[in-house]
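If you read the sequence shown in the UniProt record's numbering, its first letter stands for residue 1, the second for the next number, and so on.
Idealized CB from N, CA, C, for every residue including glycine.
Worksheet for the structure shown next.
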Amino acid sequence: MKQSLQLKTSLKMTMTPQLQLAVKVLQLSTLDLQAEIQDTLDRNPLLDVEDSSPALPSESNSLSNEQRDDNSPDSYQLTESASEPKWEKDIPSDMPVDSQWDDVYSGGPAKAAPENDFDFLANRSQDASLQDHLSFQLAMKPLSIRDRLIGDYLIDSINSNGWLTAELASIADDLNRHEETDDNEFEIDEVEAILHLIQSFDPIGVGARDLGECIALQLSEMDPKHPTVARAIIIASNHMPAILKQDFKKLAKLLKCSEGELELSIDLIQQQNPHPGDSFSESDSEYVIPDVLVSLRKDLWHVEINPDVAPRLCVNREYSALIKRGDASDDNKFLRENLQQAQWFIKSVESRFDTLFNVASAIVERQRAFFDYGPEAMKPMVLADVAEELGLAESTISRATAGKYMLTPRGVFELKYFFSSHVSSDSGDTTSATAIKAFIKKLVESEPPNKPLSDAKLMALLEADGVKVARRTVAKYREAIGIAPSSQRKRLK
1 MKQSLQLKTS LKMTMTPQLQ LAVKVLQLST LDLQAEIQDT LDRNPLLDVE DSSPALPSES
61 NSLSNEQRDD NSPDSYQLTE SASEPKWEKD IPSDMPVDSQ WDDVYSGGPA KAAPENDFDF
121 LANRSQDASL QDHLSFQLAM KPLSIRDRLI GDYLIDSINS NGWLTAELAS IADDLNRHEE
181 TDDNEFEIDE VEAILHLIQS FDPIGVGARD LGECIALQLS EMDPKHPTVA RAIIIASNHM
241 PAILKQDFKK LAKLLKCSEG ELELSIDLIQ QQNPHPGDSF SESDSEYVIP DVLVSLRKDL
301 WHVEINPDVA PRLCVNREYS ALIKRGDASD DNKFLRENLQ QAQWFIKSVE SRFDTLFNVA
361 SAIVERQRAF FDYGPEAMKP MVLADVAEEL GLAESTISRA TAGKYMLTPR GVFELKYFFS
421 SHVSSDSGDT TSATAIKAFI KKLVESEPPN KPLSDAKLMA LLEADGVKVA RRTVAKYREA
481 IGIAPSSQRK RLK
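Laid out in structure tokens, this is it:
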């Protein structure tokens with residue numbers, strides 16, 4: 001084989017370290033970005049943050065050109081220009097509205113956390129679990145060691161909803177296999193007796209083996225001599241399948257009562273808690289920090305980045321002043337590398353908020369009808385629409401909207417909420433899937449309780465409004481917004 005040298009030219013895309021960092025920062029959520037900034041501050045001595053004032057001042061704390069200190073040190077800051085605030089934009093409203101932001105949103109501005117290391121959440125008392133609550137009540141009862149052992153097994157078999165998940169026979173078998181006792185074997189009857197004791201504990205309804213028993217236990221705390229209560233206990237204990245099937249006429253005939261009397265008992269059943277253990281849930285509340293604020297100011301929709309999430313980053317001047325030209329020492333090389341990384345990180349964070357602001361502004365401008373009239377006026381929009389308008393790739397729009405939230409007078413929405421597929425109408429126009437879901441929800445909320453709208457009827461009403469969709473599409477959208485079928489929505493008058 002003869003060896004030879006050849007020259008070839010080829011084109012390929014490679015992601016530079018700067019681009020990789022920018023892409024990483026763009027797709028981070030607000031909480032992840034704050035963690036990434038803190039981690040970078042801990043690792044890079046050349047990166048610093050200014051705590052003197054928010055990065056994006058509001059109208060109340062913004063400074064005029066005369067008030068600004070022209071001798072302030074140069075730094076890489078995510079701030080506004082002297083002539084026009086950065087990351088703020090007014091978009092005309094399609095409709096004059098006589099209410100202002102303060103009329104809709106009564107919450108005040110977020111207050112800064114105390115400047116100390118005391119963590120209120122970390123120092124709060126630990127809530128007792130459902131098992132702890134039941135075990136405490138069991139310990140207060142004068143029981144034998146054998147009965148207390150059965151009670152512990154039963155409590156361990158109760159799930160977070162408060163229901164008993166194991167069969168009594170299975171619990172008796174486990175006790176006989178794993179517990180050594182000089183007495184006779186554990187019988188199902190004595191396990192059931194201890195279960196009845198636990199079912200008298202707080203919260204009422206705990207230890208139930210099914211929905212009917214759970215409701216009946218709570219109803220038994222009321223006056224059982226009252227006809228409505230007595231009838232409700234019978235229904236919960238023996239006729240829950242008929243309630244779930246909405247077979248009210250047959251049930252009224254079986255109980256020998258009128259539909260009005262049956263309705264009172266069913267209302268009483270529906271007032272009970274099917275999951276009595278929910279009050280002891282150990283899950284912590286999760287909070288959403290909005291990245292974008294949208295408010296109505298003088299018939300203009302005002303878009304701005306939340307100043308509380310925009311960091312004020314800069315290069316540490318003391319360390320940067322130590323860098324010397326022509327110095328090849330390890331210390332000088334370390335400072336140079338960290339200076340470059342700090343500059344890249346600051347520019348990546350600034351680019352993130354630039355992209356987020358532009359995307360949010362494009363969303364508000366395209367969906368002005370939603371902000372003026374509500375979800376029913378949502379227009380169809382896909383990632384390609386915003387990408388084409390801003391001259392960006394669809395993947396960039398996807399990263400910019402993932403995990404980012406917008407605070408509006410109508411609530412807090414993830415940016416992806418404003419993107420939805422379209423459905424063609426008879427007039428040739430397109431309707432957003434979100435608008436169709438909102439219309440279906442509105443129709444269901446106004447339907448007669450004794451004669452709920454079927455999917456076919458909903459389809460006909462949508463078609464009468466100019467939106468032609470298949471019945472299976474209506475069913476899919478109905479299920480997506482958590483609305484049960486018409487057979488399960490039926491109620492007595």
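Using the Cα positions of residue i and residue j, report the straight-line distance between them to the nearest angstrom.
| i | j | result |
| --- | --- | --- |
| K468 | N44 | 59 Å |
| A387 | F370 | 20 Å |
| L31 | I289 | 8 Å |
| K89 | T396 | 21 Å |
| K256 | H196 | 31 Å |
| D132 | R148 | 14 Å |
| S320 | F357 | 31 Å |
| A193 | L168 | 11 Å |
| P17 | E394 | 21 Å |
| K451 | E259 | 15 Å |
| A139 | G151 | 10 Å |
| Q34 | L41 | 11 Å |
| K141 | L175 | 21 Å |
| L390 | V359 | 8 Å |
| L21 | W344 | 8 Å |
| P409 | R297 | 12 Å |
| L322 | D354 | 32 Å |
| D173 | A128 | 30 Å |
| P380 | K24 | 29 Å |
| T434 | E221 | 45 Å |
Only counting the same chain, and skipping five residues up and downstream in sequence, which positions put a Cβ closer than 8 Å to that of residue i?
| i | result |
| --- | --- |
| residue 494 | This structure cannot speak to residue 494, because the chain is shown only from 1 to 493. |
| L134 | I155, I158, I198, F201, V206 |
| E442 | The question names Glu, but residue 442 is Lys in the sequence shown. Contacts found: E376. |
Label residue i either buried or exposed according to how many other C-beta atoms from any shown protein chain fall within 10 Å of its C-beta, with 16 as the threshold for buried.
| i | result |
| --- | --- |
| T165 | exposed |
| S144 | exposed |
| Y287 | exposed |
| R325 | exposed |
| G212 | buried |
| S361 | buried |
| Q488 | exposed |
| V191 | buried |
| R472 | exposed |
| P114 | With a pLDDT of 44 at P114, under the threshold of 50, the modelled position of that residue is not reliable, and no figure is offered here. |
| D291 | buried |
| E304 | buried |
| I481 | exposed |
| T415 | At residue 415 the sequence reads Leu, which differs from the Thr that was named. It counts as buried. |
| V309 | buried |
| S64 | Note that S64 scores 34 on pLDDT, short of 50, meaning its location in the model is unreliable; the coordinates nonetheless yield the value given after this. S64 should be labelled exposed. |
| L244 | exposed |
| R177 | exposed |
| A464 | exposed |
| N306 | buried |
| Q6 | exposed |
| T228 | buried |
| S265 | buried |
| A342 | buried |
| P224 | exposed |
| Q340 | exposed |
Which stretch, first to last residue, makes up the alpha helix (DSSP H) that contains residue i?
| i | result |
| --- | --- |
| I346 | 330-366 |
| R410 | No alpha helix (DSSP H) contains R410, which DSSP labels as neither H nor E. |
| V25 | 17-26 |
| K89 | Run containing K89: none in the alpha helix (DSSP H); it sits in the beta strand (DSSP E), 88-92. |
| S487 | 486-489 |
| L244 | 240-244 |
| L322 | Segment: none, L322 is in no alpha helix (DSSP H) and carries neither H nor E. |
| Y153 | 145-156 |
| N176 | 168-178 |
| A139 | 130-139 |
| D455 | 455-464 |
| L254 | 248-255 |
Leaving aside the five residues before and after residue i along the sequence, list all residues of the same chain whose C-beta is less than 6 Å from its C-beta, in chain order.
| i | result |
| --- | --- |
| Q272 | I215, Q218 |
| S454 | S486 |
| N316 | L46, D48 |
| residue 498 | Lying outside 1 to 493, the shown extent of the chain, residue 498 is not represented and no answer is given. |
With residue i as the anchor, note down where its beta strand (DSSP E) starts and where it stops.
| i | result |
| --- | --- |
| I481 | Segment: none, I481 is in no beta strand (DSSP E) and carries neither H nor E. |
| E304 | 300-305 |
| S295 | 292-297 |
| C214 | Premise fails: C214 lies in the alpha helix (DSSP H), 211-219, not in any beta strand (DSSP E). |
| L47 | 47-49 |
| L313 | 313-315 |
Ignore the nearest five residues each way along the sequence and tell me which others in residue i's own chain have a CB closer than 7 Å to its CB.
| i | result |
| --- | --- |
| L383 | E394, I397, S398, F419 |
Evaluate contact between the stretch 432-440 and the stretch 397-410, counting only Cβ atoms and requiring at least three cross-stretch pairs below 8 Å. With contact defined as three or more Cβ pairs closer than 8 Å, the stretch 432-440 and the stretch 397-410 are not in contact.
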